[in-house]
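Chemist: When we follow the numbering used here, the leftmost residue of the sequence shown carries the number 554, and every step to the right adds one.
Glycine included, every Cβ here is placed at the ideal spot set by N, Cα and C.
Fair warning: this is a prediction, and the values are worked out from it, not measured in the lab.
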Amino acid sequence: MKKLKADLEMIANAMEDVDRIDMDYYLDKETGEVIVTSDETFRYAEEDEDKIREDLPDWQKEDIKLAKDILFKNPDRYICIPERPSYEGYNLMVEFAEKVEDELLREKLYIALDGKGAFS
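(1) Between Ile564 and Ile634, which are expected to be in contact by the criterion C-beta below 8 angstroms, what is the C-beta distance as a whole number of angstroms?
(2) So, using beta-carbon positions, are Ile617 and Thr594 closer together than 8 angstroms?
(3) Give the single residue among Leu666, Tyr643, Tyr631, Glu636 whose Cα lies nearest to the Cα of Val587.
(4) Compute the distance between the beta-carbons of Asp570 and Glu636, then report whether it is under 8 angstroms.
(5) Just confirm the distance between the C-beta atoms of Met646 and Leu666, as a whole number of angstroms; I'd bet it's less than 8 angstroms.
(6) Taking only the alpha-carbon atoms, compute the straight-line gap between Ile605 and Tyr597 and give it to the nearest angstrom.
(7) Nearest to Asp575 by CA position, among Asp581, Ser591, Asn566, Lys558, is which residue?
(8) Thr663 to Leu657, Cα distance in whole Å?
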């Protein structure tokens with residue numbers, strides 16, 4: 554199996570981004586690069602599998618080429634990086650609070666975790 558140099562911090566940041574409205578993150582399994590692409594770019598890529606609109610700026614044409622690679626040419630090369638469900642983060646914080654030995658501090662953590670607006 555090939556060792557992949559991947560930026561774990563970038564992957565973790567992608568998983569933490571739970572506010573993805575018009576974009577997604579992909580991991581290039583050959584290079585380890587994390588790619589961010591928009592739904593708009595995918596729409597352009599799907600318009601015509603073989604052509605790229607000439608009226609677009611060069612940077613957008615490059616993004617569309619990459620989107621075509623993800624969608625059509627080499628889909629097995631890329632993995633969509635999933636969002637980490639927010640309850641997992643909450644569960645980790647609760648587990649941490651349970652391990653705090655100082656009773657007063659532990660109680661403050663529980664209050665913060667259960668307080669109004671704690672995760673809004």
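Modeler: Per the coordinate set shown:
(1) With a Cβ gap of about 6 angstroms, Ile564 and Ile634 count as contacting.
(2) The beta carbons of Ile617 and Thr594 sit closer together than 8 angstroms.
(3) Nearest option by C-alpha distance: Tyr631.
(4) The criterion of a C-beta distance shorter than 8 angstroms is satisfied by Asp570 and Glu636.
(5) Confirmed, about 6 angstroms.
(6) Note on geometry: alpha-carbon atoms of Ile605 and Tyr597 lie some 8 angstroms from one another.
(7) Looking at the Cα atoms, Ser591 is the closest of the given residues.
(8) Residue identity differs from the one stated: residue 663 is Tyr in this sequence, not Thr. Roughly 10 angstroms separates the two Cα atoms.
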